[in-house]
Amino acid sequence: MSKLPYPWMRWLPLVAKGLLLVWACTPRVPEIDEIDDMRSEMRRLLESHGAQSEVFMTKALTLARKQEDFAKKYPNHPSVPRMLVEAAEIYGTYFGDAQKAVQLLRIIDLRFRQKSPVAPKALFYEAFLYETMLNDTAKARQCYEDFLQYYPDHELAKDARLSLENLGKSPEEVIEKILKGQPTSRQ
């Protein structure tokens with residue numbers, strides 16, 4: 077056997093076989109490619125036809141349902157939290173179905189809290205939906221408080237604190253509070 081120029085090269089075939097084994101054993105999930113394609117198509121339709129067009133709404137609903145199905149079929153897949161947040165945003169934003177959105181967001185909070193980078197956003201969005209669309213200040217307060225307990229240093233923590241301060245106040249009261257807090261420009 078000839079001498080290798082670098083001693084570490086003798087490990088190269090073993091490393092290559094190991095990488096091949098890992099790659100071959102990684103589960104293939106064809107639904108992810110389909111969902112990614114649907115997401116791209118939905119964005120294209122949003123830009124070309126607008127959010128209220130029938131073709132966009134149909135694609136958005138199909139995507140949200142596909143993401144829900146994926147979460148049921150592969151409950152522990154790392155893409156599930158992101159997909160559920162996207163589905164919740166579709167239901168809440170385009171269909172006005174805050175209950176359905178909250179239902180999906182609860183799954184993320186209960187199953188993926190502290191495990192997924194989208195979990196804080198999901199909990200904050202849940203609180204926002206309770207506050208603005210469902211007019212349930214008690215549940216909104218609980219979600220905002222939970223958010224601050226679990227994610228006190230998150231970039232949305234300041235917004236959560238502000239939302240708690242203004243929870244239950246009318247827009248006029250919030251504006252009045254802001255105006256009183258600002259120094260007058262004339263001296």
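For the sequence shown, this note's numbering begins at 77 and goes up steadily by one.
The beta-carbon is built from N, C-alpha and C at its ideal position, and this holds for glycine as well.
- For Lys-135, the enclosing alpha helix (DSSP H) stretches over residues 130 to 149.
- The residue among Tyr-201, Leu-210, Pro-89 and Asn-242 with its C-alpha nearest the C-alpha of Asp-222 is Tyr-201.
- Using a 10 angstroms sphere on the CB of Gly-172, the tally of other CB atoms stays under 16, which defines it as exposed.
- Between the stretch 160 to 171 and the stretch 194 to 213 there are three or more C-beta pairs closer than 8 Å, enough to call the two in contact.
- Ser-246 and Lys-197 have their C-alpha atoms spaced approximately 25 Å apart.
- Collapsing the DSSP output to three states places Gln-225 in a helix.
- Secondary structure note for Phe-204: its alpha helix (DSSP H) is the uninterrupted segment 195 to 208.
- Pro-154 sits in coil when the DSSP states are folded into three classes, being neither helix nor strand.
- Nearest to Met-114 by alpha-carbon distance, out of His-125, Leu-210 and Lys-142, is Lys-142.
- In the three-state reduction of the DSSP assignment, Leu-243 falls in the coil class, being assigned neither a helical nor a strand state.
- Residue nearest to Ile-183 within the set Pro-151, Pro-193 and Thr-213 is Pro-151 (criterion: CA-CA distance).
- When DSSP states are grouped into helix, strand and coil, Glu-249 belongs to the helix group.
- With at least 16 other beta carbons inside 10 angstroms of its own, Ala-140 counts as buried.
- Here Lys-135 is buried. Its C-beta has 16 or more other C-beta atoms within 10 Å.
- Following the DSSP letters along the chain, one finds His-125 inside the alpha helix (DSSP H) bounded by residues 106 to 125.
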